[in-house]
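Numbering (the numbering used here), first residue to last: 4 to 285.
Glycine is no exception: its CB is placed at the ideal position from the N, C-alpha and C atoms.
As the structure is a computational prediction, the values presented were derived from the model and not from experiment.
Set out below in structure tokens:
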């Protein structure tokens, strides 16, 4: 009799209109490879609560910004916690999974992050700048992000749902991709105006040490994380985002060997996660 394989509900929005990316291609590729180890079905994030009872675990991948389905996302989290359903990435993440409060926390703790405040009365704590970035606390994929002149920054900061940062005229953005706590690859956008025109990046030791600080801070034992940073005018890296909910992986920017290595790392991580989680098939 064949062994019973884990049943995975893979949450994704295949129709999400990402700028400069095709979420659906990435998830079609990943699920085609993961099926070697698990029985798997795909669903939209709004359908997850209704379907997850028939599966051993849920994998959240390219499900889009939660602002687009916040009610369903909150219901999903509550249902997963109440039923003990394992979710990969685990719901204990402290990065974007929990909103952007972490940017305030990391600023307060002195981490190398773009300085961030969340109240109008704290604007004096930011470096003086001609332009400021205002972003929703629950935003993602640049949804709701605005760049405003210094004279207009007070009004949007009066609400409790936005964060404010000085606009950084950076040289380029670079992203570091991890599975569990293991570094997999890095990609950068040489042209700041073309965020998703990515090329392979060979990080220096200091670059990796920078990225690992945030992975260690987040304390997720299992899962996929992306550390987004910018190269500031002074040459240092500053954190832009810590993506730990559904980071897009830009696998199409990798060669076959690096892409295969990532799939192998994710498959091994998922197997370990299922094996270490009580009540799941592994």
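Check: In the structure shown, what three-state DSSP assignment does residue 176 receive?
Finding: Residue 176: strand per DSSP, three-state reduction.
So which of 26, 13 and 91 has the shortest CA-CA distance to residue 275? Selected option, being the one with the closest Cα: 91.
>> With a threshold of 8 Å, are at least 3 pairs of Cβ atoms found where one atom belongs to the stretch 108-123 and the other to the stretch 75-94?
In response: No, the stretch 108-123 is not in contact with the stretch 75-94.
### Task
Could you tell me the boundaries of the alpha helix (DSSP H) in which residue 77 lies?
Counting along the chain, the unbroken alpha helix (DSSP H) around residue 77 starts and ends at 73-86.
Check your understanding: So, helix, strand or coil for residue 133, using DSSP?
Key -> Coil at residue 133, not helix or strand.
For the pair the stretch 54-73 and the stretch 240-252, tell me if three or more CB-CB distances fall below 8 Å. By the Cβ rule, the stretch 54-73 counts as touching the stretch 240-252, because three or more pairs are nearer than 8 Å.
message = Suppose you measure from the CA of residue 186 to the CA of residue 229; what does that come to, to the nearest Å?
response = C-alpha separation (whole angstroms): 10 Å.
Quiz item: Near residue 266, which residues of its chain fall below 6 Å by C-beta distance, leaving aside the five closest residues on each side in sequence?
Solution: 36.
Can you list, in chain order, the residues of its chain with a C-beta nearer than 6 Å to that of residue 5? Leave out the 5 residues immediately preceding and following it. Residue confidence for residue 5 is low, a pLDDT of 46 falling below 50, so the modelled location carries little weight; the figure read from the coordinates is stated next. Nothing listed; no residue qualifies.
Less than 8 Å between C-beta atoms, sequence neighbours within five positions excluded: which residues of the same chain meet that for residue 74? Excluding sequence positions up to five before and after residue 74, its CB lies less than 8 Å from no other CB in the same chain.
**Asked** To the nearest angstrom, how far is it from the Cα of residue 117 to the Cα of residue 259?
**Response** One C-alpha to the other measures close to 34 Å.
Going by C-alpha to C-alpha distance, which of 25, 27 and 89 sits closest to residue 10? Looking at 25, 27 and 89, the one whose alpha-carbon comes closest to that of residue 10 is 89.
Open item on the list: residue 135 and residue 153 - do their beta-carbons sit closer together than 8 Å?
Closed with: Annotated as proximal: residue 153 and residue 135, with beta-carbon spacing under 8 Å.
Check your understanding: With a CB to CB cut of under 6 Å and the five nearest residues on each side skipped, what residues in its chain are close to residue 248?
Key -> Around residue 248: 99 and 100.
Query - 4-residue-minimum alpha helix (DSSP H) runs that sit fully inside the stretch 36-64, ordered along the chain - result: List check, alpha helix (DSSP H) in window: 51-54.
Using the rule of at least 16 other Cβ atoms within 10 Å of the residue's Cβ for burial, across every protein chain shown, is residue 244 buried or exposed?
-> Buried, by the Cβ-count rule.
From residue 30 to residue 280, what does the alpha carbon distance come to, in whole angstroms?
The straight-line gap from Cα to Cα measures roughly 24 Å.
Exercise. Compare the beta carbon distance of residue 207 and residue 170 with 8 Å and say whether it is the shorter of the two.
Key: At a Cβ-Cβ threshold of 8 Å, residue 207 and residue 170 do not count as neighbours.
Excluding the 5 residues flanking residue 214 on each side, which residues of the same chain have their C-beta closer than 6 Å to its C-beta? The residues are 179 and 230.
Alpha carbon to alpha carbon, how far is residue 273 from residue 233? Cα to Cα, residue 273 sits roughly 30 Å from residue 233.
Member of 28, 120, 125 and 271 whose CA lies at the smallest distance from the CA of residue 140 = It is 120 whose Cα lies nearest to the Cα of residue 140.
Beta-carbon contacts of residue 41 that lie in its chain and below 6 Å, excluding the five residues immediately before and after:
Closer than 6 Å at the Cβ level, and outside the excluded window around residue 41, lie 8, 9 and 11.
Taking the beta carbon of residue 263 as the centre, do at least 16 other beta carbons fall within 10 Å, making it buried, or is it exposed? With fewer than 16 Cβ atoms within 10 Å of its Cβ, residue 263 is classed as exposed.
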